[in-house]
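Below is one structure, written out as structure tokens; the observations come after it.
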Amino acid sequence: MSNRHYEVLIVGAGISGCALAYELARYTDIRRIAIVEKYGAVATLNSKGTANSQTIHVGDIETNYTLAKAAITKRTAKMVEKYCLQHGYQNDIIFSHQKMALGIGAEEVEFLLSRYEEFSELFPYLEIWDKEKLKTIEPRVVFDAKGEERPETIVGIGSSGQWTTVDYGKMAESFIANAKNEPDTTVDLFVNTPVTAIEKNPLRGYTVRTPDGVYTADFIVADAGAHSLYLAHAIGYGLDYACLPVAGSFYLSSERLLNGKVYMIQNPKLPFAALHGDPDILAEGRTRFGPTALVLPKLERFTQGTYRDFWKTLRLDRHVIKALWKLLRESDIRNYIFRNFLFELPWVNKRLFLHDARKIIPSLQLDEIEYARGFGGVRPQVIDKKQQKLLLGEASINTGEGIIFNMTPSPGATSCLGNAERDLRYIVHYLG
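Numbering-wise (the working numbering), the sequence shown opens with residue 1 and increments by one.
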């Protein structure tokens, strides 16, 4: 057997690929595992702490989640929590902050109170925080620039004492370190190793070509974000899917403004995240506001190139055009996309964003926030060309032929161990 032959080879060393490597090493009798990563370290793109909101999305305050989806997400989120607690990563990788969904005005308040009744059995720790309570726990949510109470009715549905925040970049590194420590298992990480081609072998498995040489594997999992679909298309899979990369940007406060996470109510017509404010664990607890949502013609945010990869992965045809037309025909989505484009323009962006962020902190001033340069990442929104619509949530292509392609938009980091478990169960069945 070649020393470059593996039972399982994972493409991409972000949080999802590293989680799968850890679970395979820890919970199966698979003996040879490889992870190939095109950049020089683990978690350099969307999994690093500055590229995402550092949140464990449980489903309790995410108002776009149905009860059924929240039940699934809660289980996978608890896997992240339990992993960190088992390894003693409290206040190193995982952190606790108070959190809430904030309703402003009679309609939103009524919606949140109704949602509380529906979700309180699944999340018994949720509490109702009226304006008087909010004055003590999140005073800047209540008072305006003159120090007076905001006139609207407001309510928070939230909790304290829960594990809420994760440095997913550091967690990815821990997955690799712990996987390598598993006895009788070889876990090899190859960085600076971009995949140039994947070829199906005549009898079994695949050949993976890189500038560094050739690898073979009985099973392959591509956990490479938007590039997973790019690799799938290259060997004839997933041709009914196209990729629309959406970049998120953030604004960072000059000091700590919020004591915990404050999430706005999701507009049901928008497939993108609602504005929220979070204590940034990599910026001394200063408040990070966002994300914005900007459609970009590239698959990676702060790297050179990938424009050509975008066009190859978009596979523009009449089905894609119809799907995009359906999106833009909706005035809420059309206006949202245009406004988020303006969020990227110098001078204009900060003033426009301030208007939106004042829904959370009515007293917020222009000099209290700045555009967070280098923060944010890209989430691959997958278009189903047959149905001519966006697929919300994680998208995965299991070919049934020993290769899986995962595209994991938010909450992909929260679901990393759950998604890995799903793939693990299939892999061990496939390999016997």
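Note that CB positions come from ideal geometry on N, CA and C, so glycine has one too.
**Message:** Looking only at its chain, what residues have a beta carbon closer than 6 Å to the beta carbon of ALA77, apart from the 5 residues adjacent to it on each side?
**Reply:** Cβ within range, chain order: ILE56, VAL58 and THR414.
**Message:** According to DSSP, LEU102 sits in a beta bridge with which residue or residues?
**Reply:** GLY156 and MET264.
**Item:** MET100 and ILE154 closer than 8 Å at C-beta
**Value:** With contacts defined as CB atoms closer than 8 Å, MET100 and ILE154 fail to qualify as a contacting pair.
**Nearest to CYS84 (by Cα), restricted to the options TRP311, THR165, PRO211 and GLU149** = Distances from the CA of CYS84 to each of TRP311, THR165, PRO211 and GLU149 were compared; the closest alpha carbon is that of THR165.
**Request:** Assign TYR125 to buried or exposed, taking buried as 16 or more other Cβ atoms, counted over all protein chains shown, within 10 Å of its Cβ.
**Result:** Looking at its Cβ environment, which holds fewer than 16 other Cβ atoms inside 10 Å, TYR125 is exposed.
**Request:** Indicate whether ASP212 and PHE190 have their beta-carbon atoms separated by less than 8 Å.
**Result:** Yes, these two residues count as a Cβ contact at 8 Å.
**Request:** Please classify THR63: is it buried, with 16 or more other beta-carbons within 10 angstroms of its beta-carbon, or exposed?
**Result:** So THR63 counts as buried.
**Request:** Let me know the beta strand (DSSP E) ranges lying completely inside the region 25–53, each 3 residues or longer, listed in chain order.
**Result:** 32–36, all fully within the region 25–53.
**Prompt:** Going by the CB atoms, is the gap between ASP167 and ILE93 shorter than 8 Å?
**Reply:** Pairing ILE93 with ASP167 gives a Cβ-Cβ distance under 8 Å.
**Prompt:** Considering only residues of the region 204–265, which uninterrupted alpha helix (DSSP H) runs meet the minimum length of 4 residues and lie entirely inside it, listed in chain order?
**Reply:** If we require 4 residues or more, the alpha helix (DSSP H) runs fully inside the region 204–265 come out as 226–234.
**Request:** Please check the pair THR193 and THR210, which I expect to be a contact at CB under 8 Å, by giving their CB distance rounded to whole angstroms.
**Result:** Contact between THR193 and THR210 holds, since their C-beta atoms are separated by about 5 Å, short of 8 Å.
**As assigned by DSSP and simplified to three states, the class of GLN90** = It is a strand residue.
**Prompt:** How long is the line joining the alpha carbons of LYS74 and PRO409, rounded to whole angstroms?
**Reply:** Rounded to whole angstroms, LYS74 to PRO409 spans 17 Å at the Cα level.
**CB of LEU45 within 8 Å of CB of GLU300, strictly** = With a cutoff of 8 Å on beta-carbon distance, LEU45 and GLU300 are scored as near each other.
**Message:** Using 8 Å as the threshold, is the C-beta distance between PRO380 and LEU229 below it?
**Reply:** Judged by their CB atoms, PRO380 and LEU229 are nearer to each other than the 8 Å cut-off.
**Prompt:** What is the residue span of the alpha helix (DSSP H) that VAL58 lies within?
**Reply:** Premise fails: VAL58 is in no alpha helix (DSSP H) and is neither H nor E.
**DSSP three-state assignment for MET1, whether helix, strand or coil** = Since pLDDT at MET1 reaches only 45, below the 50 mark, its modelled position is unreliable, and no value is offered.
**Asked** Beta-carbon separation of VAL36 and TYR215 under 8 Å?
**Response** With contacts defined by Cβ atoms closer than 8 Å, VAL36 and TYR215 form a contacting pair.
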